[in-house]
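Peer 1:
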Amino acid sequence: MNTSRMFTVLRTDLKQLRQSRDFWIPMLILAGLFFIVFPTILLLAVERAGQIDLVRQIGETLDVLPRQVQEAVQGDTPEVRAQYAMAVYLFAPLAVVVPLTISTAIGANTIVGERERGTGEFLAHSPASEREIYIGKLIASILPGYAATLVGFGIYALIVNTIVGPDVGGWFFPTPQWWVLMLWVVPPFIALALSVVLRISARVRSATAAQQASGLVTLPLILVAYGQSSGSLLGVGGGGFWIGLVAWIGAIWGLARGARSVSRERLLGADHRA
Amino acid sequence: MAEPVVQLSGVTRRFGQVVALHDFSLEVPAGTVTALLGPNGAGKTTTVRVVTGGLRTEVGTVRVFGLDPLRHGEQVRERCGVVSAKPALYDRLSGFDNLLYSARLYGLGNTGPIEQAAARFGIEHALGYKVGTYSTGMKTRLALARAVLHDPELLLLDEPTAGLDPESSRAVLQLIDEMAGGGKTVVLCTHLLLEAEGLADQVVVMDQGTDLIAGSPGELARRFWPDLVVLLDAEDRETLERARDFDGVSAFERNGHAVVQVPELSVVPDLVEFLTKQGVRLTRVEPHVPTLEELYFAVRQRRRPV
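Top to bottom, those sequences are chains R and P.
For the first sequence, the residue numbers in the working numbering are 155 to 428.
For the second sequence, the residue numbers in the working numbering are 49 to 354.
#1: Leaving out five residues before and five after R/I190 in sequence, what residues of the same chain have Cβ atoms less than 8 Å from its Cβ?
#2: I need the DSSP call for P/E106, collapsed to helix, strand or coil.
#3: Which of the three DSSP states, helix, strand or coil, is assigned to P/R352?
#4: Could you tell me whether the region 283-303 of chain R touches the region 316-335 of chain R, using the rule of 3 or more Cβ pairs below 8 Å?
#5: Between P/T188 and P/E243, is the Cβ-Cβ spacing less than 7 Å?
#6: Rounded to whole angstroms, what is the Cα-Cα separation between R/G290 and R/M160?
#7: Chain R beta carbons: is any one of them nearer than 7 Å to that of P/T100?
#8: Examine the Cβ distances between the region 255-263 of chain P and the region 102-109 of chain P and report whether three or more of them are shorter than 8 Å.
#9: Rounded to whole angstroms, what is the Cα-Cα separation between P/V252 and P/V235?
#10: Three-state secondary structure (DSSP) at R/V268?
#11: Could you have a look at P/D199 and say whether DSSP puts it in helix, strand or coil?
#12: Using beta carbons (cut-off 7 Å, strictly below), is R/S360 in contact with chain P?
#13: Using 8 Å as the Cβ pair cut-off and three pairs as the minimum, do the region 409-422 of chain R and the region 215-224 of chain P touch?
#14: Quick check on R/T258: buried or exposed, where buried means 16 or more other Cβ atoms within 10 Å of its Cβ?
#15: How would you label R/I179, buried or exposed, when you count the other beta carbons within 10 angstroms and need 16 or more for buried?
#16: For P/P335, which of helix, strand or coil comes out of DSSP?
#17: Beta-carbon within less than 6 Å of P/Q55's beta-carbon, same chain only, minus the 5 sequence neighbours each way: which residues are those?
#18: Check whether the Cβ atoms of P/V308 and P/V278 lie closer than 7 Å to each other.
#19: Quick check: the region 318-327 of chain P against the region 340-347 of chain P, are there 3 or more CB pairs under 8 Å?
#20: Which whole-angstrom value describes the C-beta separation of P/Y182 and R/Q170, a residue pair presumed to lie in contact below a C-beta threshold of 8 Å?
#21: If you draw a straight line from the C-alpha of P/Q123 to the C-alpha of R/A278, how long is it?
#22: Going by beta carbon distance, what residues of the same chain come within less than 6 Å of P/A78, once the five residues before and after it are set aside?
#23: How many angstroms separate the CA atom of P/R348 from the CA atom of P/M254?
#24: With a Cβ-Cβ cutoff of 7 Å, do R/V334 and R/A241 count as a contact?
#25: Please confirm if R/S144 has its CB atom under 7 Å from at least one CB of chain P.
#26: Between R/Q173 and chain P, is any beta-carbon pair separated by less than 7 Å?
#27: With 16 other CB atoms within 10 Å as the buried threshold, where does R/T316 fall?
#28: By DSSP, does P/A78 sit in helix, in strand, or in coil?
#29: Considering Cα atoms alone, identify which of R/L370, R/I287, R/A424 is closest to R/S158.
#30: Is the CB of R/F177 under 7 Å away from at least one CB in chain P?
#31: So with Cβ pairs under 7 Å, would you call P/V130 a contact of chain R?
#32: So, R/G408 versus R/L346, is the Cβ gap smaller than 7 Å?
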């Protein structure tokens, strides 16, 4: 494989995304809502609500968590404990939903978009191999979502440390489980989703169909990722590691199969002619 | 004899029930311009795609530079430049970035002759603008610049002048002329016969995925019109009937003026002398070289010459 050509495809796709404000502005808003706006509002609401129902309910929720998790929740008052639990456990799935949503939206359009615009013809006649094109487009689909998530995660860490930190003895976030989640669990789930989405993108006739089909196919995957990401934080005994390992195996299998879905005939749209 | 640059032999390709190519054969010698002529759906685009290895064939063999484009696609495509029927450009990128993309894919790095290629087609001033703002003619010029950026040995042009203004069309034809003059091989798909007139060393007339006829324009003209065609006109057109009595005339048609066929050019002065002696006051004597258009329609009407 010629990595230079693969990076050329990757760079060009990213450059096109950068030029598409109509795409990345809504995605930035999505990341901002999930990582900044909602957590800030909820944490401040709990802080100022005092002993009202919301805090009581969160307190009750903590009772059903594993003992080790209950012991890990810090804070002297119910409000602080509720804030801590929300910051560390409740918002965890957002770390998965945001990159999956962004990457799926990009990936769904990546191959069918070439075909719709007619640029697939250029790629099909170019010296780039199908594998170089596939991997270049795959990474170009993963990077924006994951980068947005890492940046959002950093801002989220600042927010929760600023709001909750003073009540629990200083900066406490990210916890070790969050590092595992962000660096070990989230990436394979994005790759797994994209292995499905790129196959769809290579097969359907239009970008609209790709978006719809990708949404349907990846929704269950997002739900699984949502549950597993919570599990990786709540789980004990290295739960996150095992969840990540299984996800990596699934992602590698999916990507290996997905690589075969990109063909020159599909880039040319010749597979649909009849 | 040198190996043909493109060699298709008995190629068949279907799309579902539609036969795009059927037992199609083609040989393109090095350094020549070959025009694939035919109506829409004749199989011209499929031929280009098969040549670069973009499409698989069901039956038959394909060799480009002596290589199988499906097995050695990278080596084949590195030596080809393609201008497809649609310019296939990235609208959101600038003209420069479109050329840079191609330069990098073809291994020219960031230092490819981008400015020179753009200047060759008169669009260097627009390289900084997004392609989405280009006119159709500018897009085609950019696509041409991109196709020749890596100095390909084989240039494949699929309806390159479709929808173009006269200036842009001329740029395309000039490119073909230059490429051919520089020893490159060109395959031009078109249904615009004037486009191929005077450029093509070889003409292949296609219909429904098959080659109806192939050869040089002169050779094909001789196959359809073995004798020299001469247009005659006179003050009194009725007197032109007397040409029938001349020994060398093998065919005679009247359509207002007269069209006669004689074995060769040297017979024409004798014919003129004969008619003058017969009292015919000639106003026009014009040996006629059949145009590609006439040839094309003759092929399509008769399907095969007798």
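In this text, a Cβ means the ideal position worked out from N, Cα and C, and glycines have one as well.
Peer 2: If we stick to the structure as given:
#1: So the qualifying residues of the chain are G306, I309, Y310, I313.
#2: Coil.
#3: The predicted position of P/R352 is uncertain, since its pLDDT is 42 and thus under 50; a value taken from the coordinates is nonetheless stated next. Correct three-state label for P/R352: coil.
#4: As far as the Cβ criterion goes, the region 283-303 of chain R does not touch the region 316-335 of chain R, which means the pair count is below three.
#5: A distance of 7 Å or more separates the beta carbons of P/T188 and P/E243.
#6: Rounded to the nearest whole angstrom, the CA to CA distance from R/G290 to R/M160 is 5 Å.
#7: For P/T100, the answer is yes, since a Cβ of chain R falls inside 7 Å of its Cβ.
#8: Flag = no, the region 255-263 of chain P and the region 102-109 of chain P do not touch.
#9: Near 10 Å, if we compare the C-alpha coordinates of P/V235 and P/V252.
#10: A small correction: the amino acid at residue 268 of chain R is Glu; Val does not occupy that position in the sequence shown. Reduced to three states, the DSSP call for R/E268 is helix.
#11: P/D199 falls in the coil class under three-state DSSP.
#12: No - not a single Cβ of chain P is within 7 Å of the one on R/S360.
#13: In short, these stretches do not touch, since the Cβ pair count stays below three.
#14: Under a 10 Å Cβ-count criterion, R/T258 is classified as buried, with 16 or more other Cβ atoms of the shown protein chains found around its own Cβ.
#15: R/I179 is exposed by the Cβ-count criterion.
#16: Three-state result, P/P335: strand.
#17: So the qualifying residues of the chain are E75, R111.
#18: A Cβ-Cβ contact shorter than 7 Å links P/V308 with P/V278.
#19: Fewer than three pairs of CB atoms, one per stretch, sit closer than 8 Å, so the region 318-327 of chain P makes no contact with the region 340-347 of chain P.
#20: Rounded, the Cβ-Cβ distance is 16 Å, inconsistent with contact.
#21: The straight-line gap separating the alpha-carbon atoms of P/Q123 and R/A278 is approximately 14 Å.
#22: Closer than 6 Å at Cβ, skipping near neighbours: A50, V53, T233.
#23: Each residue's Cα considered, the two are about 9 Å apart.
#24: No, they are not a contact pair.
#25: Outside the displayed range of chain R (155 to 428) lies residue 144 of chain R, so it cannot be described from this structure.
#26: Chain P places a beta carbon closer than 7 Å to that of R/Q173, counting this residue as a contact.
#27: Result: exposed.
#28: Reduced to three states, the DSSP call for P/A78 is coil.
#29: Nearest of R/L370, R/I287, R/A424 to R/S158, Cα basis: R/I287.
#30: Contact with chain P is absent for R/F177, since none of that chain's Cβ atoms lies less than 7 Å from the residue's Cβ.
#31: Chain R, which has a Cβ nearer than 7 Å to the Cβ of P/V130, makes this yes.
#32: Yes, these two residues count as a Cβ contact at 7 Å.
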